[in-house]
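Read the structure below first, then the notes.
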Amino acid sequence: MDDTIKVGQYIIVQRQNFTKLHKFSALDSTVTLGKEMVELKNIAGQNFFQTFKMKLIASGKKRLHELEICDNATNLKDILTSIESGSDNRNILDDGKSQSLSYEEIINMRQTLSDSKEIIGTIIANSNSFNQKTEFSQEKYIKKKEKKYFEFIQVRKPTLRLLTEIFYRQDPEKALGLRMDSLSQLISYSGVNSMGNYLIYESGSSGLVPAAFLNSMGDHGDARLVHLHPGNFPQMQAVYALNLTDHHLKRCSSVNIYSVLRQYYQGIEENVETLSQTESENEKMDIDESSRKRKLENDDTEDDNKPPKRQNFEEDENNEQQNEVPISDENSSNTLTDREEKKRKWQLDNDEAIRLFKEKFDSLTIVAKEDPFPIVKELLPFIHNGRPVVIFHACKEVLMECYTSLKNHNLLINVRLFSNFMRDYQVLPMRTHPAIQLQGNSGWLLVGYTVNHGITLN
Amino acid sequence: MSFTKPERVINEGDTVILYITINNMHAIEVKSHTTNKHGQKVEYVHQTAYGALKVQSLIGKEYGTKIHLPKGYAFILQMNPELWTMSLPHRTQILYTPDISMILMQLEIQPSSVIIEAGTGSGSLSHYFLRAIYGKGHLYTFDFHESRVDQAREEFQKHGFGNFVTAQHRDVVSDGFTDDLNGKADAIFLDLPAPYKAIDHVVKALKPSGGRFCAFSPCIEQTQETCLQLEKYGFLEIHTIEILQSEHIVREKNIPVMDLSFVKQKREDTESKLPKRDEKRPQLPTRKILTTLNTPIQQGHTGYLTFATFLRI
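So, in structure tokens, the structure goes:
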């Protein structure tokens, strides 16, 4: 596989433990990391995981850096070996006087010295309590400073693992609180692999669920995915971030749930009319909500004053963009032919989805903010017997009620409700312990199997 | 053959799940005849709590179908790694779905992945790997217990994964992985008593560009030693986690509701209302609530999962 960084790809920019998803949209673009702005032109053609050194080229409100390829990132722990340390903290006083450099001096130094090792070395040399700290707390101190002055970044290839981590860390709500352990189990229970047809209904997971399915389906087998969503546009951010080939992406038909079901039950002719002219109450609500949400998301971008689009079922270029991604002008030049082109695309997607609805699917997965029971009830007729159904929800009560309804209607067997506990460990000789904090919300998973109660044997 | 992809109909030779209740599931191999303890060929009849099932009668039936037993009914489900993990014959301690799912996610397994696993154990994790890479990737799995390897190999074959797995008898700590695997693996998983003694073999077997690594250990000392070795060999993103899944049993409960306010007032006719000694107290009114109970015995620990990335720069 070609593992070099190319313009147009999504990349993950990592600075120590900080990671950011970014679209490398043009050679002369920049990425913002806190107060630092970084020019990206030198990463093109390099390998993923390459380390770059940020070199200051202009300072102002944001410091502008260019990137240099770097083969040996300095290990700041080396500083420690030459410094003596105390045995406990009996002589450490928190009087604010231990650092003899002033704030201004440190700021100034930051502009004259480029190497984080030098900066931190100077700070340490001017700290009169550093020598009294224990070796462990010296290490901690350096780590803290390193975080601030670390001038190396790596460019990573987006993978499902990294995306799940980034989404959950940035804002768990952006992906409905779908934590990595829950997502990983959702993939297992749904049985997705390179064979079979899969049906998902997803709303509000930033595309993480279809991304996970496409990732597991791969591009060689005959797996197909129908991705139902409630709005004008599917949320595809995580899907696009995987940099899949067009051929691979075509395995997924993202369709509006109302539109495709209406076409399934009522046929195609009147459908086209209803789409552009009248909207059902339900759709109206969804559209209002999604445009309001997009407005919120875009609040701090340069073109948040774009009117919310009302045309149905276009591909949404906006949706895939993160706030910091410069948004191209493609959207505004929405000529009539463009629109027709896109309309054809959703019509083709609908047709393909309906073909698969008729064939029936090999599993059903629902990850949504809505109450899942009415959805599952409508979608179960399209699932073969003996197949897994997986429902994720952030609220336990919703799934408890869903469980009762499924049981009362005899719709599924082997129904189980799960939650997860996960914690990280600090593993060091004589200092191993669970992490002080953990992510408390795993969300809830309801799993079961479809059955046919009607047919009898013997 | 029934593992590899979704099937509609039960075929002879499939291993299927006979689902009676949530706590009563049997894995059975669908075949018309079996041998009894005298070595004679007899019709295969499976005994359940609801009576006997002639296994041959399953052939040709649709999965998910209700089947009648002499004293009740059951359902037939297609086998999959989740159900297999719940019903497989234990030859060792096994890994379960929560840990396994995280291992697949963290090792970044995709259909094209080449995976090395040691040891094979009872093959619980192997089946998940094989489902994930079916059609394109390959699993190389090793165990130092010869008959375990033979049994696992036979199961893989029976379940339709034969072309995508190489199961070998080998002590990878002392002998390393086979030479043909040098620089081949995308991901390596170790569940060994001393994974830290095999890190140099891991480094050798990972692809020239690098790859992902996972070690599973129930004990913290082994985990600690593994982390030290990983650090020594220059692995990045070394990260140890623990996962516990809880099952919640949904129940409707009737909670008795007491009213104590009447005690504040004097009773009007004390004599007649006083319950006699043997008279039953009137039933309290109840309130219906929907709640969940945790299983009485919960998994408190499985093991520590240590993940890391290796890069050759």
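Going down the list, the protein sequences come from chains X and E. Numbering-wise, full-length UniProt numbering puts 45 at position 45 of the first sequence, and it's gapless, one number per residue. Numbering-wise, full-length UniProt numbering puts 308 at position 308 of the second sequence, and it's gapless, one number per residue. Note that beta-carbon positions come from the ideal geometry of N, C-alpha and C, so glycine has one too. Fair warning: this is a prediction, and the values are worked out from it, not measured in the lab.
- In the DSSP assignment, X/HIS247 falls outside any beta strand (DSSP E) and within the unbroken alpha helix (DSSP H) covering 246-249.
- Sequence-distant Cβ neighbours of E/THR295 in its own chain, meaning closer than 7 Å and more than five residues away, are GLU247, ILE249.
- Excluding its 5 nearest sequence neighbours in each direction, E/LYS41 has C-beta neighbours in its own chain below 8 Å: HIS33, THR34, THR35, listed in chain order.
- If the five residues before and after E/ILE199 are omitted, its C-beta is found closer than 7 Å to the C-beta atoms of GLN229, LEU230, TYR233, all from its own chain and listed in chain order.
- Cα atoms of X/ASN414 and E/GLU43: separation of roughly 30 Å, rounded to the nearest angstrom.
- Distances from the CA of E/LEU284 to each of E/HIS145, E/VAL257, E/VAL202 were compared; the closest alpha carbon is that of E/VAL257.
- Listed along the chain, the chain E residues whose CB falls inside 8 Å of the CB of X/THR450 are GLY64.
- The three-state secondary structure of X/GLY191, taken from DSSP, is coil.
- Here the C-alpha atom of E/PHE3 lies approximately 21 Å from the C-alpha atom of E/MET102.
- Around E/SER209, the beta-carbon contacts reaching into chain X at under 7 Å are ASP3.
- Its chain contains LEU190, PRO195, THR226, THR306 as the residues whose beta carbon lies nearer than 7 Å to that of E/ALA215, once the 5 sequence neighbours on both sides are disregarded; these appear in chain order.
- Taking a cut-off of 8 Å on C-beta distances, the stretch 103-117 of chain E touches the stretch 148-164 of chain X, as three or more cross pairs fall below it.
- Residue X/GLN16 holds the alpha-carbon nearest to the alpha-carbon of X/LYS53 among X/LYS62, X/SER25, X/GLN16.
- Between E/LEU83 and the set E/GLU242, E/GLY121, E/ILE28, E/VAL45, the nearest pair of CA atoms involves E/ILE28.
- For the beta strand (DSSP E) assignment, the uninterrupted runs of no fewer than 3 residues enclosed by the stretch 400-451 of chain X are, from N- to C-terminal side, 412-426, 444-450.
- X/ILE119 sits in a helix when the DSSP states are folded into three classes.
- Following the DSSP letters along the chain, one finds E/ASP150 inside the alpha helix (DSSP H) bounded by residues 146-158.
- At least one beta carbon of chain X lies nearer than 8 Å to the beta carbon of E/GLN110.
- Taking the Cα positions, X/ASP88 is about 11 Å away from X/ASN131.
- The count of Cβ pairs closer than 8 Å, one atom from the stretch 394-411 of chain X and one from the stretch 421-431 of chain X, stays below three, leaving the stretches out of contact.
- Chain order gives the chain E residues near X/SER184 as SER101, MET102, LEU104, MET105, where near means a beta carbon separation below 7 Å.
- CA-CA distance, X/SER205 to E/ALA74, rounds to 37 Å.
- When DSSP reads this structure, E/ASN294 sits in a beta bridge with E/HIS248.
- Chain X has no Cβ within less than 8 Å of the Cβ of E/LEU95.
- At a cut-off of 8 Å between beta-carbon atoms, X/ARG423 makes contact with chain E.
- What X/GLY386 touches in chain E, judged by beta-carbon distance under 8 Å, is GLU62, TYR63, GLY64, THR65, PHE75, ILE76, LEU77, GLN78, going in chain order.
- Within the stretch 6-47 of chain X, the complete beta strand (DSSP E) runs of at least 3 residues fall at 10-15, 18-23, 30-33, 36-39.
- Residues are counted here when their Cβ sits less than 7 Å from a Cβ of chain E; for the stretch 130-145 of chain X the count is zero.
- Interface with chain E (8 Å Cβ-Cβ cutoff): X/LEU160 is included.
- DSSP places E/ALA49 outside any alpha helix (DSSP H), giving it a letter other than H or E.
- For E/CYS227, the C-beta contacts it makes with chain X under 7 Å involve VAL427, in order along the chain.
- Within the stretch 9-35 of chain E, contact with chain X at the beta-carbon level (separation under 7 Å) is assigned to TYR19, ILE22.
- Under the Cβ distance rule, E/VAL250 counts among the residues neighbouring chain X, one pair being separated by less than 8 Å.
- Per DSSP, reduced to three states, the secondary structure at X/SER129 is coil, with no helix or strand assignment.
- At least one C-beta of chain E is nearer than 8 Å to the C-beta of X/PHE49.
- E/ALA118 is the residue among E/MET25, E/HIS90, E/ALA167, E/ALA118 whose C-alpha sits nearest the C-alpha of E/GLY176.
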